[in-house]
Amino acid sequence: NRAQAHLYLKNYRHAYADAKEALRLLPEDRKNMSKRLSHLRTKVYWRAARACMEMKDYQQAQQLITEGMGLIRERTYTEALQLKELETTLRKRVRATMKEVARAESRTNTEQERRIQ
17 NRAQAHLYLK
27 NYRHAYADAK
37 EALRLLPEDR
47 KNMSKRLSHL
57 RTKVYWRAAR
67 ACMEMKDYQQ
77 AQQLITEGMG
87 LIRERTYTEA
97 LQLKELETTL
107 RKRVRATMKE
117 VARAESRTNT
127 EQERRIQ
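For the sequence shown, the numbering used here gives the first residue as 17, with consecutive numbering after it.
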């Protein structure tokens, strides 16, 4: 819950740190954990990945989403859907960032060409 509060307050580093700590404390054996704990673990992965996205650490966000997905058959439909939606958002952000970088490079090149002339 604290990680979610930090996300809401846009304290992304704290949100990530709290989510990672929660992952450390939660059991890893999904086959023997209750549905409630499994759902909680999925939410924690979602929060950690979301914090990474907001900090523009897209590689870490993708890794967390992949870890959170685990084996799809162990996830409920809703859990898998939440992580898939976050992954789609991540891909869109990466593409948008790449476009921004390309535009900035294009502007820089154009300005340099003008100076040369």
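Beta carbons are placed, not taken as given, at the ideal position from N, Cα and C, and that holds for glycine.
| query | result |
| --- | --- |
| CB-CB length for A38 against V60, believed under 8 Å | 5 Å |
| CA-to-CA distance, E116 to R130, given in whole angstroms | 21 Å |
| Three-state class that DSSP yields for E50 in the structure shown | The sequence as given places Ser at residue 50; Glu does not occur at that position. DSSP places S50 in coil when its eight states are reduced to three. |
| Spatially closest choice to M85 from K100, K72, R107, by CA coordinates | K100 |
| Supposed close pair R63, L23 - CB separation, criterion 8 Å | 6 Å |
| Span separating the alpha-carbon of L87 from that of T126 | Confidence at L87 is low in this model, with a pLDDT of 48, below 50, so its placement is unreliable and the value that follows should be read with caution. L87 and T126: Cα-Cα distance of roughly 48 Å. |
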